[in-house]
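Using the working numbering, the letters of the sequence shown map in sequence onto residues 76 to 331.
For every residue, glycine included, the Cβ atom is placed at its ideal position computed from N, Cα and C.
Everything numeric in this text was worked out from a predicted model, so none of it was measured.
This report refers to the structure that appears directly beneath it.
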Amino acid sequence: MSFSSRELRGLMATLLYIFPHPDDECFGPAPALAQQRADGHDVHLLTLTRGEATKQRHRLGFDKEKMGAVRYGEMQNVAQALDLTSLKVLDLPDGELADLSPLAIEAPIEREIRRLRPDVVITYAVHGISGHPDHLVTHATVKRVVCAGDRNRATSVRRLAFFTLREKDDDRPDHLTGSPDAAIDCVIPVNDAAMQVAQEALHCYETYMPVIEAHRPLQSVRDGVCFECFQEAPRPRLTDLTAHLPARLAAAPALN
Numbered sequence: 076m077s078f079s080s081r082e083l084r085g086l087m088a089t090l091l092y093i094f095p096h097p098d099d100e101c102f103g104p105a106p107a108l109a110q111q112r113a114d115g116h117d118v119h120l121l122t123l124t125r126g127e128a129t130k131q132r133h134r135l136g137f138d139k140e141k142m143g144a145v146r147y148g149e150m151q152n153v154a155q156a157l158d159l160t161s162l163k164v165l166d167l168p169d170g171e172l173a174d175l176s177p178l179a180i181e182a183p184i185e186r187e188i189r190r191l192r193p194d195v196v197i198t199y200a201v202h203g204i205s206g207h208p209d210h211l212v213t214h215a216t217v218k219r220v221v222c223a224g225d226r227n228r229a230t231s232v233r234r235l236a237f238f239t240l241r242e243k244d245d246d247r248p249d250h251l252t253g254s255p256d257a258a259i260d261c262v263i264p265v266n267d268a269a270m271q272v273a274q275e276a277l278h279c280y281e282t283y284m285p286v287i288e289a290h291r292p293l294q295s296v297r298d299g300v301c302f303e304c305f306q307e308a309p310r311p312r313l314t315d316l317t318a319h320l321p322a323r324l325a326a327a328p329a330l331n
């Protein structure tokens with residue numbers, strides 16, 4: 076009898092995080108990625124833009140091309156700090172995802188899902204935490220691609236999860252939104268080792284140090300990294316996004 080590589084890894088899983096900008100993976104989720112790699116899971120990151128439109132370019136005197144190149148370089152250091160299994164950075168226009176045809180965004184996401192065959196796909200919650208239009212578009216597009224693939228039985232995805240914050244946190248900047256307590260389905264505990272790795276990854280974004288120092292984004296996840304699980308309501312809550320994976324994603328039925 077022969078076994079696939081996934082079966083030989085036993086309980087190991089493949090996770091794919093999909094975010095629109097450099098630093099999205101570090102402004103909150105990073106301790107979870109660090110813990111998942113420490114646990115032996117394959118953790119991949121797909122970033123849709125190079126983050127070239129950030130206002131930090133004005134402070135640095137960079138044009139968009141230069142800013143995108145610098146941030147791309149910072150992401151390579153982040154990948155090493157987090158020990159990511161792979162990192163892929165697209166060159167879609169930062170700050171303009173809402174102006175693109177959805178098909179232009181869906182296509183590379185679908186290709187990456189087909190290539191990597193992840194068990195779990197993670198992106199932003201529906202509110203995008205900061206409300207940035209690119210965050211909102213990414214949520215909608217990833218959900219559409221995953222559900223369409225499941226409807227066609229062409230996906231490996233068994234869980235679709237949305238990174239979020241707790242609804243109330245006095246230490247959090249006012250412009251950030253969280254999810255109601257009842258909507259949070261998984262809280263990954265943050266230990267000292269995972270937080271240390273996350274801090275090292277976050278500080279790879281040298282161009283963003285004023286923002287990092289002002290907002291201290293990892294403080295918002297010191298009590299755990301929170302996720303919603305699409306069309307699941309596990310109780311008690313999960314403490315591991317790879318635990319109790321369903322046989323397949325429970326996507327919505329086709330419309331008549």
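**Request:** Can you check DSSP and say which residues form a bridge with A236?
**Result:** I197 and C304
**Prompt:** Any chance the segment 298-318 sits against the segment 131-147, with 3 or more Cβ pairs inside 8 Å?
**Reply:** no
**Asked** Under a Cβ-count criterion, where at least 16 other Cβ atoms within 10 Å of its own Cβ denotes burial, should D225 be classed as buried or exposed?
**Response** So D225 ends up on the buried side.
**Message:** Using only the alpha-carbon positions, how far apart do R202 and S176 sit?
**Reply:** The sequence given here places His at residue 202; Arg does not occur at that position. Their backbone Cα atoms lie some 21 Å apart in a straight line.
**Item:** Residue span of the beta strand (DSSP E) that contains V262, given as start and end
**Value:** C261 to I263
**Prompt:** Quick one: Cα of P208 to Cα of R186, how far?
**Reply:** 23 Å
**Asked** Around the C-beta of T314, are 16 or more other C-beta atoms found within 10 angstroms, so that it is buried, or is it exposed?
**Response** exposed
**Request:** Identify, in the order they occur along the chain, each residue of the same chain with its Cβ nearer than 6 Å to the Cβ of L165, setting aside the five sequence neighbours on each side.
**Result:** L123 and P183
**Item:** Whether T216 touches E171 by CB criterion (7 Å)
**Value:** The answer is no: Cβ separation not under 7 Å.
**Request:** Measure the C-alpha to C-alpha separation of E242 and D256 and round it to an integer number of angstroms.
**Result:** 7 Å
**Request:** Can you grab the Cα-Cα spacing for the pair A273 / R134, in whole Å?
**Result:** 25 Å
**Which of helix, strand or coil DSSP assigns to D209** = helix
**Request:** Would you tell me roughly how many angstroms separate the C-alpha atoms of C304 and R312, rounded to the nearest one?
**Result:** Approximately 10 Å, taken between the alpha carbons.
**Asked** What are the complete alpha helix (DSSP H) segments, minimum 4 residues, inside the segment 90-115?
**Response** 105-113
**Request:** Less than 8 Å between the CB atoms is what I'm expecting for S295 and G103, so what's the real figure, rounded?
**Result:** 6 Å
**Prompt:** Among N152, C222, R297 and V195, which residue has its Cα nearest to the Cα of P321?
**Reply:** Comparing Cα positions, the closest option is V195.
**Message:** Would V118 and L90 qualify as a contact pair, given that the criterion is a beta-carbon distance under 7 Å?
**Reply:** yes
**Item:** Under the three-state DSSP convention, the category H214 falls into
**Value:** helix
**Asked** Under 7 Å between the Cβ atoms of A88 and T317?
**Response** yes
**Request:** Have a look at R112 and H96 and give me their C-alpha separation to the nearest angstrom.
**Result:** 21 Å
**Request:** Measure from the alpha carbon of R132 to the alpha carbon of each residue in F302, D158, D169 and Y92, then state which is nearest.
**Result:** D169
**Prompt:** Is I197 near Y283, with beta carbons less than 7 Å apart?
**Reply:** It is not a contact, given that the beta carbons lie outside the stated cut-off.
**Cβ of K243 within 7 Å of any chain D Cβ** = The displayed structure is made up of one protein chain only, and chain D is not part of it.
**Request:** Please state if the CB of A154 and the CB of D269 are separated by a distance shorter than 7 Å.
**Result:** As written in the sequence, residue 269 is Ala, which differs from the Asp given in the question. Contact: no.
**Prompt:** Thinking C-beta only, is L235 closer than 7 Å to V221?
**Reply:** yes
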